[in-house]
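Asker: Numbered according to the numbering used here, the sequence shown spans residues 567 to 886.
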Amino acid sequence: MAIIEFINGRNKTYTGLRRAIDYILRDDKTAFSLYGGFNCDVDNALNEFVMTKRHYNKETGRQYIHFVQSFSNREGISPETAKAIADELLLMDKFKGFQMVYATHTDKPHLHTHFILNTVNSYTGMKWKMSKEDLQELKDYSDEICRRYGLIVTHGKKGSHIDRGEYRTMEKGHSWKHELFLAVSEAKRYAISREDFIDKLKQLGYQTEWSDNRKYITFTNIDGKKCRNRKLYPPERFTKEALEQRFELNAVKLDKQVSKAKFEGLLSAIKLFETDGGMGMDHKNTYPLSQMENAAGADDILNAKQNTGLNWEKESGHEM
Numbered sequence: 567m568a569i570i571e572f573i574n575g576r577n578k579t580y581t582g583l584r585r586a587i588d589y590i591l592r593d594d595k596t597a598f599s600l601y602g603g604f605n606c607d608v609d610n611a612l613n614e615f616v617m618t619k620r621h622y623n624k625e626t627g628r629q630y631i632h633f634v635q636s637f638s639n640r641e642g643i644s645p646e647t648a649k650a651i652a653d654e655l656l657l658m659d660k661f662k663g664f665q666m667v668y669a670t671h672t673d674k675p676h677l678h679t680h681f682i683l684n685t686v687n688s689y690t691g692m693k694w695k696m697s698k699e700d701l702q703e704l705k706d707y708s709d710e711i712c713r714r715y716g717l718i719v720t721h722g723k724k725g726s727h728i729d730r731g732e733y734r735t736m737e738k739g740h741s742w743k744h745e746l747f748l749a750v751s752e753a754k755r756y757a758i759s760r761e762d763f764i765d766k767l768k769q770l771g772y773q774t775e776w777s778d779n780r781k782y783i784t785f786t787n788i789d790g791k792k793c794r795n796r797k798l799y800p801p802e803r804f805t806k807e808a809l810e811q812r813f814e815l816n817a818v819k820l821d822k823q824v825s826k827a828k829f830e831g832l833l834s835a836i837k838l839f840e841t842d843g844g845m846g847m848d849h850k851n852t853y854p855l856s857q858m859e860n861a862a863g864a865d866d867i868l869n870a871k872q873n874t875g876l877n878w879e880k881e882s883g884h885e886m
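(1) Any idea if Asn577 is buried or exposed, counting beta-carbon neighbours within 10 angstroms, 16 or more meaning buried?
(2) Start and end of the alpha helix (DSSP H) containing Leu748?
(3) With three or more C-beta pairs closer than 8 Å as the rule, is the region 673-683 touching the region 795-813?
(4) Buried or exposed: Glu775, going by 16 or more other Cβ atoms within 10 Å of its Cβ?
(5) Under DSSP, the beta strand (DSSP E) around Lys792 begins and ends at which residues?
(6) Based on Cα-Cα distance, which residue from Leu770, Ile569, Asp778 and Val634 lies nearest to Thr786?
(7) For Phe664 versus Ser697, is the C-beta spacing smaller than 9 Å?
(8) Name the DSSP bridge partner or partners of Ser636?
(9) Excluding five sequence neighbours on each side, which residues of the same chain lie with their C-beta closer than 6 Å to the C-beta of Val667?
(10) Could you tell me if Thr679 is buried or exposed, where buried requires 16 or more neighbouring beta carbons within 10 angstroms of its beta carbon?
(11) If you follow the alpha helix (DSSP H) that Thr581 is in, where does it begin and where does it stop?
(12) Indicate the three-state DSSP secondary structure (helix, strand or coil) for Met666 in the structure shown.
(13) With Lys766 and Ala757 assumed to form a contact (beta carbons below 8 Å), what rounded beta-carbon distance in angstroms separates them?
(14) For a test of the three-state rule: what should DSSP assign to Glu654, helix, strand or coil?
(15) By how many angstroms is the C-alpha of Glu571 removed from the C-alpha of Met658?
(16) Helix, strand or coil for Lys660 per DSSP?
(17) So is Gln702 buried or exposed if we call it buried at 16+ other beta carbons inside 10 Å?
(18) Can you list, in chain order, the stretches of the alpha helix (DSSP H) that have 4 or more residues and sit fully within the region 591-648?
(19) Distance, Cα to Cα, Glu745 vs Ala753?
(20) According to DSSP, is Lys837 part of a helix, a strand, or is it coil?
(21) One question on the structure: do Arg628 and Lys693 come within less than 9 Å of each other, judged by their Cβ atoms?
(22) Nearest to Asp789 by alpha carbon, out of Glu614, Lys743 and Asn684?
(23) Taking just the CA atoms, how far does Thr852 sit from Tyr630?
(24) If you run the structure through DSSP and keep just helix, strand and coil, what is Lys693?
(25) Taking 9 Å as the threshold (C-beta atoms), are Leu855 and Ala749 in contact?
(26) Suppose you measure from the CA of Lys819 to the CA of Ala827; what does that come to, to the nearest Å?
(27) Figure out for me which residue from Asn779, Glu814 and Asn639 has the closest Cα to the Cα of Asp762.
(28) Quick one: Cα of Asp709 to Cα of Cys793, how far?
(29) State the start and end residues of the unbroken beta strand (DSSP E) segment that holds Phe804.
(30) Report, in whole angstroms, the separation of the C-beta atoms of Leu717 and Glu646, which I expect to be a contact under 8 Å.
(31) Using a Cβ-Cβ cutoff of less than 7 Å, which residues in the same chain neighbour Asp700 once the five nearest sequence positions on both sides are dropped?
(32) How would you write the range of the alpha helix (DSSP H) that Asp789 sits in, first residue to last?
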């Protein structure tokens, strides 16, 4: 079965809208064949969302709706099937005329599809509304699709509204393995060679054992806990071969000065979160990368750090 969750949040700025779209399309979470645009071009979705709002003079209030369709890891469905189910879900009459970007994520044991919906209807100019009856109809429609794909539909909690913090805690949790996953992902994002990758992980607090004589890479955190690369999810993105291919691509595509500055900014942000967390904490934060991801996303923290500093309350206005 699939569970529908609406992620509550203020969602009142174009900055937040851009961030949400960027997040669900991240290449460490999805793939080109697993995302799409509904009533819009996925590559130009932000601009098209804004054009619709301006056309109808409805730029205030909530800018987008974020909901997730999640599947149990016991279902055994493929990412392609999860994406196909999402495609069919959008054919529901409730979504007619609404623009949407959606992406099936494969970075967790349970497959799930994120949907970012423009709150202004491109056909009518009406703003999005959802009653309890509408939510139940959406859940029933989702269940009907799942049945057609041979998934078991059970009774119980099948959908609700939860706040963003609850969802991210449920999705990721705070664990040393998830913290390691984030560290390896960041090192992978900026490294241009195996040696550079190992060095960046060292700066992030991890020792890396990468030997040509061993099949797997072993990572060790500051507490001595070990984890092999095959335990990171999805494992095919963290094989030696996949990492080497990414390093080669980075060496060609990345601007070395910009990349260096961003990684140094990441290290500076981590120091803030390790001390008082940048969030008023009075103790050392064991999982700074997880906390950063939950709070605002690493990119936003880096931008704030490099410009005017961290200001978590300044999410207002309509800047893009």
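Cβ atoms here follow ideal geometry from the backbone N, Cα and C, with glycine treated the same way.
Answerer: According to the structure shown:
(1) With 16 or more Cβ atoms within 10 Å of its Cβ, Asn577 is classed as buried.
(2) Annotation: the continuous alpha helix (DSSP H) that includes Leu748 extends over Trp742 to Tyr756.
(3) Yes: at least three Cβ pairs fall under 8 Å.
(4) Around the CB of Glu775, fewer than 16 other CB atoms lie within 10 Å, so the residue is classed as exposed.
(5) Lys792 to Arg794 is the extent of the beta strand (DSSP E) around Lys792.
(6) Of Leu770, Ile569, Asp778 and Val634, the smallest CA-CA separation from Thr786 is found for Leu770.
(7) Cβ atoms of Phe664 and Ser697: not closer than 9 Å.
(8) DSSP lists Ile569 and His678 as partners of Ser636.
(9) In chain order, Ile587, Gly603, Val608, Ala611 and Ile682 place their CB closer than 6 Å to the CB of Val667, counting only its own chain and leaving out the 5 sequence neighbours on each side.
(10) With 16 or more other Cβ atoms within 10 Å, it is buried.
(11) Where Thr581 is concerned, the enclosing alpha helix (DSSP H) starts and stops at Tyr580 to Ile590.
(12) Note: Met666 maps to strand in three-state DSSP.
(13) The pair is a contact, with the Cβ atoms about 6 Å apart (cut-off 8 Å).
(14) Under the three-state reduction of DSSP, Glu654 is assigned to helix.
(15) Roughly 17 Å between the two C-alpha positions.
(16) DSSP places Lys660 in helix when its eight states are reduced to three.
(17) When all chains shown are included, Gln702 counts as exposed.
(18) Runs of the alpha helix (DSSP H) inside the region 591-648: 611-621.
(19) Whole-angstrom Cα-Cα distance: 12 Å.
(20) Judged by DSSP in its simplified three-state form, Lys837 adopts helix.
(21) Yes, these two residues count as a Cβ contact at 9 Å.
(22) Nearest to Asp789 by C-alpha distance, out of Glu614, Lys743 and Asn684, is Lys743.
(23) Whole-angstrom Cα-Cα distance: 33 Å.
(24) Collapsing the DSSP output to three states places Lys693 in a strand.
(25) In contact: Ala749 and Leu855 (Cβ atoms closer than 9 Å).
(26) Spanning the two alpha carbons is a distance of roughly 16 Å.
(27) Taking only the C-alpha atoms, the option nearest Asp762 is Glu814.
(28) Straight-line Cα distance between these residues: approximately 38 Å.
(29) Note, Phe804: premise wrong, no beta strand (DSSP E); not H, not E.
(30) About 14 Å; that fails the 8 Å criterion.
(31) Scanning its chain for C-beta atoms nearer than 7 Å, with the 5 sequence neighbours on each side dropped, one finds around Asp700 the residues Lys660, in chain order.
(32) Asp789 -> no alpha helix (DSSP H), and no H or E assigned at all.
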